[in-house]
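Residue numbering for the sequence shown follows our numbering, beginning at 1056 and increasing consecutively.
We treat Cβ as the ideally placed atom computed from N, Cα and C, and that holds for glycine.
Please read these numbers as outputs of a predicted model, since none were measured by experiment.
Remarks on the structure that follows.
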Amino acid sequence: MNASTDPPAPPSEYVRREDDVLERIAAIVGRRRIPSGEVHVGDDAAVFGAVRRRNPVSTDVAVMGVHLDPALFPLEDLGFKAVASAVSDLAAMGGRPRAAVVAVSSPPGTDLEELHRGIADAATITKCPIVGGDLTRSRDVSVAVTVLGECPTAVRFYAAARARVMRSW
1056 MNASTDPPAP PSEYVRREDD VLERIAAIVG RRRIPSGEVH VGDDAAVFGA
1106 VRRRNPVSTD VAVMGVHLDP ALFPLEDLGF KAVASAVSDL AAMGGRPRAA
1156 VVAVSSPPGT DLEELHRGIA DAATITKCPI VGGDLTRSRD VSVAVTVLGE
1206 CPTAVRFYAA ARARVMRSW
């Protein structure tokens, strides 16, 4: 998100600097050791170590009011659901999560820390570190999660065997 191109905030709104928000979010989702040479939350792009296996990728979007009723569920649950759904889709293809990037679109005044606590909880449970993402303004709250994964040799063999069976049908 480039603060200079964002629409101006309404005068009555409490405005926080993007760097301050990113610092707090990094503290929430970055509660782990970052491997040497890697760059995670807070820069323009994430850099992580080479993956030497097949690399499945999954993206999932959760929208408040569409996927969860805001009268019943807090923002924290939306963040949790977004990460859990993307990791689940990756697992359905035999992948293990390696890293995720999270893009959040929300109206001004949204409690991004609450949202990211749910993201962090799901990331911890699924062992899928959040390595970066994006923030932007929108009318609705939505969370897009892209998970990068890897497949062990046994799964590659299974996938190849399954592909042969599917071609024979």
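Assign S1091 to buried or exposed, taking buried as 16 or more other Cβ atoms, counted over all protein chains shown, within 10 Å of its Cβ. By the neighbour-count rule (16 or more Cβ atoms within 10 Å), S1091 is not buried but exposed.
First and last residue of the alpha helix (DSSP H) that includes L1170? 1167-1181
In terms of residue numbering, what span does the alpha helix (DSSP H) encompassing E1073 cover?
1073-1084
- Message: Helix, strand or coil, according to DSSP, for A1117 in the structure here?
- Response: A1117 falls in the strand class under three-state DSSP.
What does the alpha-carbon distance come out to for the pair G1187 and V1157? 6 Å
Practice problem: On a CA-only basis, which of E1205, V1196, T1114 is nearest R1120? Give me that one, please. | Solution: Residue 1120 is actually Gly in this sequence, not Arg. Nearest of E1205, V1196, T1114 to G1120, Cα basis: V1196.
- Item | Three CB pairs or more closer than 8 Å across the region 1133-1148 and the region 1160-1179 | Short answer: they touch.
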